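> Reading the sequence shown from the start, the letters are residues 541 to 821 in this note's numbering.
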Amino acid sequence: MSQLPALDAVGPGSVTWKIHRERLLILGWGRAVLMQVAHPKIAEAVYAHSYFSRSGQAYIKRLRGTIGAMLSMTFDPPEVALATIEHINQVHERVHGEMPGHCPPYAPHTPYSALEPDLLLWVYLTLLDSHVRTYEMLIAPLTGREKDAYVRESRLGGELLRIPPQMLPSTWEEVRVEVDRRLESSEITVCEHAREIARMLAQPPLVRPVRSLFGLWKVISVGMLPEKLREQYGFGWDVGQSLAYAAAVRVIKTTLPLLPDRARYWQRYLLAIERLGAEAA
Numbered sequence: 541m542s543q544l545p546a547l548d549a550v551g552p553g554s555v556t557w558k559i560h561r562e563r564l565l566i567l568g569w570g571r572a573v574l575m576q577v578a579h580p581k582i583a584e585a586v587y588a589h590s591y592f593s594r595s596g597q598a599y600i601k602r603l604r605g606t607i608g609a610m611l612s613m614t615f616d617p618p619e620v621a622l623a624t625i626e627h628i629n630q631v632h633e634r635v636h637g638e639m640p641g642h643c644p645p646y647a648p649h650t651p652y653s654a655l656e657p658d659l660l661l662w663v664y665l666t667l668l669d670s671h672v673r674t675y676e677m678l679i680a681p682l683t684g685r686e687k688d689a690y691v692r693e694s695r696l697g698g699e700l701l702r703i704p705p706q707m708l709p710s711t712w713e714e715v716r717v718e719v720d721r722r723l724e725s726s727e728i729t730v731c732e733h734a735r736e737i738a739r740m741l742a743q744p745p746l747v748r749p750v751r752s753l754f755g756l757w758k759v760i761s762v763g764m765l766p767e768k769l770r771e772q773y774g775f776g777w778d779v780g781q782s783l784a785y786a787a788a789v790r791v792i793k794t795t796l797p798l799l800p801d802r803a804r805y806w807q808r809y810l811l812a813i814e815r816l817g818a819e820a821a
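1. Flag this pair as touching only if the region 608-628 and the region 639-648 have three or more C-beta atom pairs under 8 Å; answer yes or no.
2. List the endpoints of the continuous alpha helix (DSSP H) containing Glu-626.
3. Roughly how many angstroms separate the alpha carbons of Ile-625 and Thr-666, rounded to a whole number?
4. Using only CA atoms, which one of Val-577, Tyr-664, Ala-803, Ala-572 lies nearest to Leu-700?
5. For Ser-826, does the three-state DSSP call read helix, strand or coil?
6. With respect to the alpha helix (DSSP H) encompassing Gly-755, which residues constitute its N-terminal and C-terminal limits?
7. Going by DSSP, what residue range makes up the beta strand (DSSP E) through Gly-637?
8. Would you list the residues sitting across from Glu-562 in a DSSP beta bridge?
9. Do the region 698-718 and the region 562-573 make contact, defined as three or more Cβ pairs closer than 8 Å?
10. Report the rounded CA-to-CA distance for Glu-584 versus Glu-767, giving the unit in angstroms.
11. Rounded to whole angstroms, what's the CA-CA distance from Leu-682 to Arg-716? Just pull it up for me.
12. Can you give me the start and stop residues for the alpha helix (DSSP H) that Thr-729 sits inside?
13. On the premise that Ile-737 lies in contact with Tyr-646, defined as a C-beta separation below 8 Å, what is that separation, rounded to the nearest angstrom?
14. Do Arg-722 and Glu-662 have their beta-carbon atoms positioned less than 8 Å apart in this structure?
15. Between which two residues does the alpha helix (DSSP H) holding Gly-684 run?
16. Which residue marks the beginning of the alpha helix (DSSP H) containing Ala-647, and which one marks its end?
17. In this structure, how does DSSP classify Thr-666 when only helix, strand and coil are distinguished?
18. Here's the rule I'm using: 16 or more other beta-carbon atoms within 10 Å means buried, otherwise exposed. How should Gly-817 be labelled?
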């Protein structure tokens, strides 16, 4: 419980709250997930231990759980946020196994665990990177000082999720350099299970009216992907798709300022502002 005061230190006025309150941030999660499962061990862990591809109901439950965890860690009272983090760690403890024979560079039967620090760090880096890039693309630019502050504010969450402190970045430049380094290396290589996960994300097992809403999500997710991964996943990207991506960004940026707070921001953020007697910035 000694971490409670530190968790409470990131609140209204922080860059973390400024970024995480935006509902639109969810449009960047597709990019983050596709980058995460481009690591063969993470792809196998998701493929072997997740049931979200089996039905539309399971898919929605998984998505809501992921959203709820991020919002809880950011906006809930410290004791609730800490319980959420402990639950995530307990889930990770159950995720382990062996690599199959079709995910180079790993030999068959190579062990993997969701608690491997290197895997935890890659997930962490993709979220930081995608959150900042999505915010700047769809909402507003961030100063270098704001991006550095966001990285520093995120460190405690990374430590509580069992990433060794010495591995965590302290500046935005460190995030950018490490993400680029990994993308250029052979450790980030899309394998077949990652492609299956990507196909499910692009065409989720949902009824048609709901599935159609994922068209925008797919355009933004694929459009934001690093070119290397877009090619390895086999996503086509022609002039028409590039124009659709640019048009979607323009419409979002034009519409967003017109939305009332209750539509633009997550309810968990508005409730936290009310609970703390603060004002929405």
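Cβ atoms here follow ideal geometry from the backbone N, Cα and C, with glycine treated the same way. Every value quoted in this text rests on a predicted model; they were computed, and no experiment measured them.
For this structure:
1. no
2. 618-633
3. 18 Å
4. Tyr-664
5. Since the first and last residues shown for the chain are 541 and 821, residue 826 lies out of range.
6. 754-764
7. 636-638
8. Tyr-805
9. no
10. 22 Å
11. 15 Å
12. Per DSSP, Thr-729 belongs to no alpha helix (DSSP H) and is neither H nor E.
13. Not really, about 17 Å apart at Cβ, beyond 8 Å.
14. Residue identity check: residue 662 is Trp in the sequence provided, not Glu. Closer than 8 Å, so yes.
15. 684-700
16. Looking at the DSSP string, Ala-647 is not in any alpha helix (DSSP H), and its letter there is neither H nor E.
17. helix
18. exposed
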